[in-house]
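Chains H and B, in that order, are what the protein sequence lines are. If you read the first sequence in the working numbering, its first letter stands for residue 580, the second for the next number, and so on. If you read the second sequence in the working numbering, its first letter stands for residue 6, the second for the next number, and so on. Before any comments, here is the structure.
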Amino acid sequence: MLEVRNLCKYFGGIKAVDGCSFTVEQGSITALIGPNGAGKTTAFNCISRVLEPTKGQVWLEGERIDKLRPHQITKRGLSRTFQISRNLADMTVVENMILQSKTDGWRDLFKPSVSPDEVDKAMEILDFLGITRIAYEDGHNLSYGQKKLMDFGALLMSDPKIILLDEPAGGVNPSLLEEIIGHIQALNERGLTVLIVEHNMDLIMRLSHKVVVMAQGQVICDGPPEIVREDEAVLEAYLGGVLDKEAA
Amino acid sequence: MSMTFEDSGAVLEARKQYNAKLAQQADKRRAWWFPIAVMALLMVLPALQLVGNYNYLLHMVLFTASYVAMASSWNILGGFTGYISLGHTVFFAIGGYLAGVLLARYGISSLISAPLVGLVAAGFGYLIGLITLRVRGPSFIISSLALLMIVRILFDNWHFIGGANGMALPVTDLGVLWAKVPYYYAMIAIAALTVICAYKIKHSKFGLGLRAISKDEVKAESAGINTRLYKVLAFAFSAFFIAMAGAVWGEYLTYLRPNIFLIILVAANMMLMCILGGKGTIAGPVIGAILLVAFNEFFVAMMGASELNILGTGAIMAAVLLFFPLGVVGTLAKAGKLPRILNWD
Numbered sequence: 580m581l582e583v584r585n586l587c588k589y590f591g592g593i594k595a596v597d598g599c600s601f602t603v604e605q606g607s608i609t610a611l612i613g614p615n616g617a618g619k620t621t622a623f624n625c626i627s628r629v630l631e632p633t634k635g636q637v638w639l640e641g642e643r644i645d646k647l648r649p650h651q652i653t654k655r656g657l658s659r660t661f662q663i664s665r666n667l668a669d670m671t672v673v674e675n676m677i678l679q680s681k682t683d684g685w686r687d688l689f690k691p692s693v694s695p696d697e698v699d700k701a702m703e704i705l706d707f708l709g710i711t712r713i714a715y716e717d718g719h720n721l722s723y724g725q726k727k728l729m730d731f732g733a734l735l736m737s738d739p740k741i742i743l744l745d746e747p748a749g750g751v752n753p754s755l756l757e758e759i760i761g762h763i764q765a766l767n768e769r770g771l772t773v774l775i776v777e778h779n780m781d782l783i784m785r786l787s788h789k790v791v792v793m794a795q796g797q798v799i800c801d802g803p804p805e806i807v808r809e810d811e812a813v814l815e816a817y818l819g820g821v822l823d824k825e826a827a
Numbered sequence: 006m007s008m009t010f011e012d013s014g015a016v017l018e019a020r021k022q023y024n025a026k027l028a029q030q031a032d033k034r035r036a037w038w039f040p041i042a043v044m045a046l047l048m049v050l051p052a053l054q055l056v057g058n059y060n061y062l063l064h065m066v067l068f069t070a071s072y073v074a075m076a077s078s079w080n081i082l083g084g085f086t087g088y089i090s091l092g093h094t095v096f097f098a099i100g101g102y103l104a105g106v107l108l109a110r111y112g113i114s115s116l117i118s119a120p121l122v123g124l125v126a127a128g129f130g131y132l133i134g135l136i137t138l139r140v141r142g143p144s145f146i147i148s149s150l151a152l153l154m155i156v157r158i159l160f161d162n163w164h165f166i167g168g169a170n171g172m173a174l175p176v177t178d179l180g181v182l183w184a185k186v187p188y189y190y191a192m193i194a195i196a197a198l199t200v201i202c203a204y205k206i207k208h209s210k211f212g213l214g215l216r217a218i219s220k221d222e223v224k225a226e227s228a229g230i231n232t233r234l235y236k237v238l239a240f241a242f243s244a245f246f247i248a249m250a251g252a253v254w255g256e257y258l259t260y261l262r263p264n265i266f267l268i269i270l271v272a273a274n275m276m277l278m279c280i281l282g283g284k285g286t287i288a289g290p291v292i293g294a295i296l297l298v299a300f301n302e303f304f305v306a307m308m309g310a311s312e313l314n315i316l317g318t319g320a321i322m323a324a325v326l327l328f329f330p331l332g333v334v335g336t337l338a339k340a341g342k343l344p345r346i347l348n349w350d
């Protein structure tokens, strides 16, 4: 469904992503993991075109998307969240969500900003996430966890085919984490493809069908979670060869 | 993927009722009669000329209306979208000069040509926006200043339109009592149109997108908003209304000169009015324009037309912003203390 070929992103001399290639199968949950600075978020940003890749190609359902602008990619069914929740203060949660609903060119521009249908849809999603009580809350009155959930809900407004989640469990408490895992699973069961960047190994092992491990801008290993967990290169990357030194 | 979830019927029903209540409350807070009453009053005001000479009053209302139009128009880009422009007088000048040339060479009154002139200025706005809206923040402000300077130099040296000496326009044949009246009505119509359009824009998908852009452009873009198009369109809209005001203002003055139209003071006034009244609100620019014109006039009357009156206006501005950091309307609205008659958002 999503295919990344030889993706590179250089910041001057720093090769943040350097020849990264992997695929995300239709209907799967794929996790992108790696130590800090491995280039996961940069790869994410290049896929969603928030950053322009230096080299390489990204294909979504047989269409090359690495030359498109971010809003065009969103329209083609790929939506993402941000690592640090970027919600829009001074707008209510419902407005924040409806912002992400599909608009179709010029005709829709001057329609009323919030239609009853869209409000109903936003409410359904908030209900699914269990946060209808904050629907008319102002964006900046939300707690961190609520922002994460709202971001997640807003993604669903545009009826995406694939969602990219950048550390959905980062900084949330264990009970909310369980909730988020539940939501991701529920959506995946309905056919939504998920690509997820995460540090929380527990979440990765429980959720994902496939794990892609990055280190220093490159994919060093990919496969089912059980296999990846035992991989030498992965242990080396995560633990920096500490085990070897201890053994010596 | 379709989003239908089970077991949510009862919750949705309760929520719907709650929403309906909220909407009802919001509606109750509107007081449509107030702007309509003000408009009605302004419409009959020129009848005062039948019993005396109220030209000064008419001039002040016309002058305020021109600033209401310009500030509301500036607000579309500066308030909703968050791009502070100090070069918007360029469109004021384009409007004034284009309508002036049409009047002087072809005898077409600006009262007729204003919408056309507005469209031309919107076209310019679109093109200029395509270039300058690539940067934001301080860089954008400086690029808007540069635009003002470039156009000033161009107009100062363009002989066809009189260069720095300017261009005189034919004077209306109406008597001294009625000469202002057509322009008075035209300017009020433009001001009302601008405020209504600003309201429509704010409550459209377009407006929601602009508000998102002002908060976080990266987020807005990845939410599926064509930020470049939205920004450039906002620029074109704000150019449109300012140019219409410029067209009527030029013919009203009967004289066009770059140092009337192309000075930073006019652009700064638009911005100050929005900030004083409340950037990004509908009533804000209107209140800001009325307050700033009133302060100015009061201090000119008290202190004479020296530099001192500017100091007086500035001191009042600073004092108001100390107590109303989001502008008068913005701060009151946030505190939930905005009088119903001013809740136009």
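C-beta atoms are modelled at their ideal positions from N, C-alpha and C, and glycine is treated no differently.
The residue from B:Gly134, B:Leu213, B:Ala338 and B:Gln54 with its alpha-carbon nearest to that of tyrosine 88 (chain B) is B:Gly134. Here lysine 634 (chain H) has Asn585 and Cys587 as same chain residues with Cβ atoms under 7 Å from its own Cβ, once five neighbours each way along the sequence are excluded. Among the residues facing chain H, alanine 228 (chain B) is included, as its CB has a counterpart in that chain under 8 Å away. Membership of glutamine 797 (chain H) in any alpha helix (DSSP H) is not indicated; the residue belongs instead to the beta strand (DSSP E) covering 797-802. DSSP places alanine 668 (chain H) outside both helix and strand once states are collapsed to three, so it counts as coil. Judged by pairs of C-beta atoms under 8 Å, the segment 639-651 of chain H does not touch the segment 202-219 of chain B, as fewer than three such pairs exist.
Leucine 786 (chain H) places its beta carbon 8 Å or farther from that of leucine 581 (chain H).
The beta carbon of isoleucine 742 (chain H) is closer than 6 Å to those of Ser658, Leu734 and Val773 in its chain, skipping five residues each way along the sequence.
Alanine 244 (chain B) is positioned such that its CB atom lies closer than 8 Å to that of phenylalanine 96 (chain B). Within 8 Å of the CB of alanine 668 (chain H), the CB atoms of chain B belong to Lys220, in sequence order along the chain.
Tyrosine 72 (chain B) sits buried, since 16 or more C-beta atoms from the chains shown fall within 10 Å of its C-beta.
A contact is defined here as three or more CB-CB pairs under 8 Å, and the segment 275-283 of chain B meets this definition with respect to the segment 314-327 of chain B.
With a threshold of 8 Å between beta carbons, aspartate 687 (chain H) makes contact with chain B.
Counting C-beta atoms within 10 angstroms of its own C-beta, leucine 327 (chain B) has fewer than 16 neighbours from the protein chains shown and is therefore classed as exposed. Secondary structure of tryptophan 638 (chain H) (DSSP, three-state): strand. The count of Cβ pairs closer than 8 Å, one atom from the segment 62-81 of chain B and one from the segment 116-129 of chain B, stays below three, leaving the stretches out of contact.
Put simply, the backbone Cα of phenylalanine 601 (chain H) is about 16 Å away from that of leucine 744 (chain H).
Per the Cβ contact rule, the segment 672-684 of chain H is in contact with the segment 708-726 of chain H (3 or more Cβ pairs under 8 Å). Within the model, the alpha-carbon separation for tyrosine 190 (chain B) versus valine 253 (chain B) is close to 10 Å. For isoleucine 218 (chain B), there is no enclosing beta strand (DSSP E); the residue is part of the alpha helix (DSSP H) that begins and ends at 210-220. If you draw a 10 Å sphere on the C-beta of valine 181 (chain B), you find fewer than 16 other C-beta atoms in it, and that means exposed. Listed in chain order, the alpha helix (DSSP H) runs fully inside the segment 86-146 of chain B are 94-111 and 115-137, counting runs of at least 4 residues. Straight-line measurement puts the Cα of leucine 297 (chain B) at about 11 Å from the Cα of methionine 276 (chain B). Interface annotation, phenylalanine 246 (chain B): not in contact with chain H, CB-CB separation never under 8 Å. Residue nearest to phenylalanine 160 (chain B) within the set B:Ala225, B:Gly84 and B:Gly171 is B:Gly171 (criterion: CA-CA distance). Residue range 593-603 is occupied by the beta strand (DSSP E) that includes glycine 598 (chain H). Judged by DSSP secondary structure, leucine 611 (chain H) falls within the beta strand (DSSP E) whose first and last residues are 608-612. Boundaries of the beta strand (DSSP E) around methionine 793 (chain H): 789-794. Methionine 793 (chain H) places its beta carbon less than 8 Å from that of cysteine 599 (chain H). The DSSP-derived three-state label of valine 176 (chain B) is coil. As the crow flies, the alpha-carbon of alanine 228 (chain B) is around 11 Å from that of leucine 667 (chain H). DSSP places lysine 726 (chain H) within a helical segment (H, G or I) once states are collapsed to three. In this structure, the CA atom of alanine 310 (chain B) is about 35 Å from the CA atom of serine 144 (chain B). Of all residues in the segment 281-305 of chain B, none is placed with a Cβ closer than 7 Å to any Cβ belonging to chain H. Between the beta-carbon of isoleucine 247 (chain B) and that of serine 90 (chain B) there is about 10 Å, and that puts the pair past the 8 Å contact cut.
At a C-beta separation below 7 Å, asparagine 231 (chain B) has these neighbours in chain H: His650.
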